[in-house]
Each structure stands twice: as structure tokens, then as C-alpha cells.
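A short worksheet on the structure shown next.
Residue numbers (this note's numbering): 1 to 405.
Next comes the structure, spelled out in C-alpha cells:
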């Protein structure tokens, strides 16, 4: 028997094996003992599968493995977070005055926007409506300043001119002379009136001038920012709504419009109450003959814009001026403002504000106290609208979610 040369066998590849398994399935031969050796057995093939990672080809390279959560890394992260928070706090403190001016301008723009909307409904273009409302507000502001500044300057000049007369009266006063003999008041006055103290006093006067210019600059800044916010009100509002997910945007828009409407209604109601207070004070001061009734009435109207405590401040100032005029005028001022504050607190204010913002008296008082503690007069002005917004969010968002649990 001749030996035939057999070719060298090569191991089959995975693709060949898979193709052979599909094309030529193994025949079902006999499986008993009569079957030949190796019959019916499929050779096993080990396939080395390599997973290729697909990258996006970023120009910044491939991201590395996540960092281990060691105590050192956690401590460094916490420290950096605290440092960042403290830096943000310092930054806010440095620009606090500017942020307050921006907030006041936004508040005024929200409050004046209903007047702009009403003018646009009458067919006036929005640009002209913003200009008309802005000019009207500035005229009212300038009228109030012109009403207060001339009497203040005139009374200050009269006081300076009357100083020699006051000093002569003090020298001729027998009671003062006895006190001087007992306590050496004039000697102590000479010790106080030193060059250093006079320099400090002049520095205080210069500081007052600086405060006046700073106040004027702040007023102009608020006016300009208010006009800009009023002109871009709709665009800013829609831009803010677009930051909300589309699934919730409509509900947020409805809530936001309601909050803005409450702020506008509050400012309109506060202005109406202030006008009533100013007109009532003007008529009363004219009747009893107190000097500068127009300026004092404007002062009462401005202070009445501060909730809860503003009317009292204006009443105190006017009563002091009344007592300077005569005892009878001072007593009449005290009686008038006590009666008027009762009428305002229990009749005018509830009817106006409950329709505008629907805030309870207790919530109003607490919000004003907290606002004064946080932001001073500005906090008092914005306290009630903020509480009205919080009440609306709690009633429409928080309570329904709690009811579903």
C-alpha cells in the first residue's frame, strides 16, 4: 500500500468555523458503539474577541479614569467649595449697593409696567408708552425734591442768621448763668470748641455734602435702570421663562405673570394710599396755618410709602414743625395724625391692599420687620410683595404636591 502525502493542516479561523457551521451542518450519524472514533464530534475553537472603544475624537483627549474618593481628595474639594463660597460672599458685599440699586430699579419697572401696558392697549407704541410713564414719574420725583429742598435751604439760612440772637438770649438767661456758676458750662463749651473738634465738624459737613451727591447719583442710576428695564420688560421676562424646561414652562409663565401682577398692584395701591395721605395732610396744614404745607405734605406722602412705620415717621416730623409754630398747632397735628392713622390702618389700607396682594395683617407686619432687619428701608418696601409671591407659590405648588403624597 502506497503512502500518500497529506497536506499540512492549518487551524481553522473563527469566520471559517462559523461559515462551515452554517453551510454544512454536521450529519446526524450513528452514535452507538458501532460508530467510528471521533464521529459526531464538533471541534471546539477558541475565539479571541477584542472590544474596540469608540471615541468621539475630542481635541482635548481621552478622559482619564475617575479619581479615587480618598479623604484627602474629599477634604480638598470641601475646602475649595468653602473658599469659593466665601469669595462669592465678599464679592456680593462689595457690590451690595449696586445690587440694591438694580433690585429697586427692577421693582419700580415691574410696578410701572401696568401703566405701560394700559397705554399700549390704547394704541400707543411701547417705546412712547415707556417714555411717557418714565417722564411722568420723573416729574413727580422732581416736584417732590423741589418742594422739599427750597424750604430746607431757607430754614437753614434763617437758623444761621438767627444764631447771634440765640447766643445773646442764652447769655442773658438768669437760669443759664446760675448753671454756669455751678457747673462751668461755658468753660466746658470752650474746651469742646477746639480747633480739632471744629475740623471734625467741618469734615462732617463735607461728609454730608458727599452723602448728598451720592444720593443724587443713586437716584439718577435708579431712574436710568428703571427706564431700561421697562423698555426691555417683555424680552427679559420671556428670556427668563425660556430657562425653564418646556414641560413646565406654561405653568411657570402663569405663576410668574400672577406674581408680577401682584407686585404691580401693590405698588399702585401704595402710591394711591400715599397720595391720599399727602392730600389730607396738605389740606389740614393749610387750615391750621403751619408754614410750608406743600413740602410737609410731600414728606408725609413719601414716608407713607414705607409700610407700617412710614406714616408714623411723617407724623412725628410734621408734629415737631407744628410745635415750633405754636403749642396749639402742635397739639392739633398730633390729634390729626393719630385719627388719620386709625382711618388708614383700619379702612384705607385693608381695602386697597387686600384687593391688590391679599396678604393678612399679621403676615404684613412680620414681613416688614424682617425686611427692615435685612435690607433697611428697601426691605420694608419690598416685604409685602415678596410675601404675596411666597403665598402664591405655596398655595399653587407646595400644597398640591403635599396633597398627592
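Using N, Cα and C, we set each Cβ at its ideal position, and we do this for glycine too.
- prompt: Quick one: Cα of residue 299 to Cα of residue 309, how far?
  reply: Stepping through the chain shown from its first residue, residue 299 is reached at position 299. Stepping through the chain shown from its first residue, residue 309 is reached at position 309. So the alpha carbons of these two residues sit roughly 14 Å apart.
Practice item. Find the nearest neighbour of residue 231 within the set 256, 339, 130, 223, judged by alpha-carbon distance. Key: Residue 231 sits at position 231 when you count from the first residue of the chain shown. Closest by alpha carbon: 130.
Just mark residue 108 as buried or exposed, buried being the case when its beta carbon has 16 or more other beta carbons within 10 Å. Position 108 of the chain shown, counting from 1, holds the residue named residue 108. Counting every other CB atom within 10 Å of its CB across the protein chains shown gives residue 108 a total of 16 or more, marking it as buried.
| query | Which runs of the alpha helix (DSSP H) fall wholly inside the region 76-136 and span at least 4 residues, in chain order? | reply | If you keep only unbroken alpha helix (DSSP H) runs of at least 4 residues inside the region 76-136, you get 96-121.
Going by alpha carbons, who is nearest to residue 347 out of 278, 361, 251? For the purposes of this step, residue 347 is identified with residue 347 of the chain shown, where counting begins at 1. Minimum Cα distance to residue 347 is reached at 361.
Relative to the C-alpha of residue 341, which candidate in 314, 353, 322 has its C-alpha closest?
For the purposes of this step, residue 341 is identified with residue 341 of the chain shown, where counting begins at 1. Cα-wise, what sits closest to residue 341 is 314.
Residue 121 burial status per 10 Å Cβ neighbour count (16 or more: buried):
Taking the chain shown and counting its residues from 1, the one referred to as residue 121 is at position 121. For residue 121, the number of other beta carbons within 10 angstroms of its own is below 16, and it is reported as exposed.
query = Would residue 381 be called buried (16 or more neighbouring beta carbons within 10 Å of its own) or exposed?
reply = Within the chain shown, the letter at position 381 stands for residue 381. Flag for residue 381 reads buried.
| message | If contacts are defined as beta-carbon pairs under 8 Å, then residue 329 and residue 277 qualify, I think. What distance do you get, rounded to the angstrom? | response | The residue labelled residue 329 in the question sits at position 329 within the chain shown. The residue labelled residue 277 in the question sits at position 277 within the chain shown. Going by Cβ atoms, the distance from residue 329 to residue 277 rounds to 19 Å, so no, they are not a contact pair.
From residue 81 to residue 71, what distance separates their C-alpha atoms? Counting from 1 along the chain shown, the entry for residue 81 is found at position 81. Counting from 1 along the chain shown, the entry for residue 71 is found at position 71. Rounded to whole angstroms, the gap between the alpha carbons of residue 81 and residue 71 is 15 Å.
TODO: Using beta-carbon positions only, say whether residue 288 and residue 322 come within less than 9 Å of one another.
DONE: If you number the chain shown from 1, residue 288 lands on position 288. If you number the chain shown from 1, residue 322 lands on position 322. Inclusion of residue 288 and residue 322 in the CB contact set at 9 Å is warranted, their separation being smaller than that value.
* Could you give the residue range of the alpha helix (DSSP H) that holds residue 361? -> The count along the chain shown starts at 1 and reaches residue 361 at position 361. Per DSSP, residue 361 is one residue of the alpha helix (DSSP H) stretching across 361-375.
Review point. Is the closest heavy atom of the ligand COA to the C-beta of residue 329 under 8 Å?
Key: Absence of the ligand COA is noted for the structure shown, with no ligands found whatsoever.
Residue 32, buried or exposed, once every other Cβ within 10 Å from all chains shown has been counted against 16: Your numbering for residue 32 matches position 32 in the chain shown. Interpretation of residue 32 is limited by its pLDDT of 45, a score under 50 that renders its predicted location unreliable; the figure taken from the coordinates is listed afterwards. Classification for residue 32: exposed.
Does the separation of the CB atoms of residue 377 and residue 273 fall below 9 Å?
Translated into the one-based positions of the chain shown, residue 377 becomes position 377. Translated into the one-based positions of the chain shown, residue 273 becomes position 273. A distance of 9 Å or more separates the beta carbons of residue 377 and residue 273.
* Out of 172, 358, 316, 228, which has the shortest C-alpha to C-alpha gap to residue 112? -> On the chain shown, position 112 is the one that residue 112 refers to. Of the listed residues, the one whose Cα sits closest to residue 112 is 228.
Alpha carbon to alpha carbon, how far is residue 332 from residue 136?
In the chain shown, the residue the question calls residue 332 occupies position 332. In the chain shown, the residue the question calls residue 136 occupies position 136. Going from the Cα of residue 332 to the Cα of residue 136 covers about 35 Å.
### Backbone secondary structure at residue 30 - three-state DSSP
As a working note, residue 30 is residue 30 in the chain shown. Legend: pLDDT at residue 30 = 46, less than 50; position of this residue unreliable, value from coordinates given subsequently. Reduced to three states, the DSSP call for residue 30 is coil.
State the start and end residues of the unbroken alpha helix (DSSP H) segment that holds residue 335.
Looking up residue 335 in the chain shown gives position 335. Residue 335: member of the alpha helix (DSSP H) spanning 327-343, first to last residue.
*asked:* Measuring alpha carbon to alpha carbon, tell me which residue in 75, 97, 100, 110 is nearest residue 268.
replied: Translated into positions along the chain shown, residue 268 becomes position 268. For the options 75, 97, 100, 110, the alpha carbon positioned closest to that of residue 268 is the one of 110.
inquiry  = Can you look up residue 378 in the DSSP assignment and give me helix, strand or coil?
reply    = If you number the chain shown from 1, residue 378 lands on position 378. DSSP places residue 378 within a helical segment (H, G or I) once states are collapsed to three.
Of the residues 368, 355, 294, the one placed nearest residue 261, counting alpha carbons only: Here residue 261 refers to the residue found at position 261 of the chain shown. Ranking 368, 355, 294 by Cα distance to residue 261 puts 355 first.
Residue 294 lies in the alpha helix (DSSP H); which residues open and close that run? For this step, residue 294 is matched to residue 294 along the chain shown. Residue range 293-303 is occupied by the alpha helix (DSSP H) that includes residue 294.
Mapping the DSSP letters down to three states, classify residue 232 as helix, strand or coil.
Within the chain shown, numbered from 1, the residue matching residue 232 stands at position 232. If DSSP states are grouped into helix, strand and coil, residue 232 belongs with coil.
**Study point:** 7 Å CB neighbourhood of residue 265 in its chain, flanking five on each side removed
**Key:** For the purposes of this step, residue 265 is identified with residue 265 of the chain shown, where counting begins at 1. Closer than 7 Å at Cβ, skipping near neighbours: 356, 357.
Quiz item: Can you name, in chain order, every residue of its own chain whose Cβ lies under 7 Å from the Cβ of residue 233, other than the five neighbours on each side?
Solution: On the chain shown, position 233 is the one that residue 233 refers to. Cβ within range, chain order: 109, 113.
inquiry  = I need the DSSP call for residue 384, collapsed to helix, strand or coil.
reply    = Locating residue 384 in the chain shown gives position 384, counting from the first residue. For residue 384, the secondary structure class from DSSP, reduced to helix, strand or coil, is helix.
Rounded to the nearest angstrom, what separates residue 316 and residue 146 at their Cα positions? Residue mapping note: residue 316 aligns to position 316 of the chain shown, counting from 1. Residue mapping note: residue 146 aligns to position 146 of the chain shown, counting from 1. Residue 316 and residue 146 have their C-alpha atoms some 22 Å from each other.
Neighbourhood of residue 291 by C-beta distance below 7 Å, restricted to the same chain and skipping five residues each side = Position 291 of the chain shown holds residue 291. Taken in chain order, the residues that qualify are 325.
Check: Taking just the CA atoms, how far does residue 141 sit from residue 243?
Finding: Indexing the chain shown from 1 puts residue 243 at position 243. Indexing the chain shown from 1 puts residue 141 at position 141. For residue 243 and residue 141, the gap between their C-alpha atoms comes out near 36 Å.
In three-state terms, what does DSSP make of residue 268? By 1-based counting over the chain shown, the position of residue 268 is 268. In the structure shown, residue 268 sits in a helix (DSSP, three-state: H, G or I).
So what's residue 70 in DSSP terms, helix, strand or just coil?
-> Within the chain shown, residue 70 is the residue found at index 70, counting from 1. Coil.
(request) Starting from the C-beta of residue 116, find all residues in its chain whose C-beta is less than 8 Å away, skip the five residues before and the five after it, and write them out in chain order. (result) The residue labelled residue 116 in the question sits at position 116 within the chain shown. Cβ neighbours of residue 116 beyond the five flanking positions: 126, 129, 130, 133, 230, 233.
Query raised in the report: residue 405 to residue 363, Cα distance in whole Å?
Result: Within the chain shown, numbered from 1, the residue matching residue 405 stands at position 405. Within the chain shown, numbered from 1, the residue matching residue 363 stands at position 363. When rounded, the separation of the alpha-carbon atoms in residue 405 and residue 363 is 28 Å.
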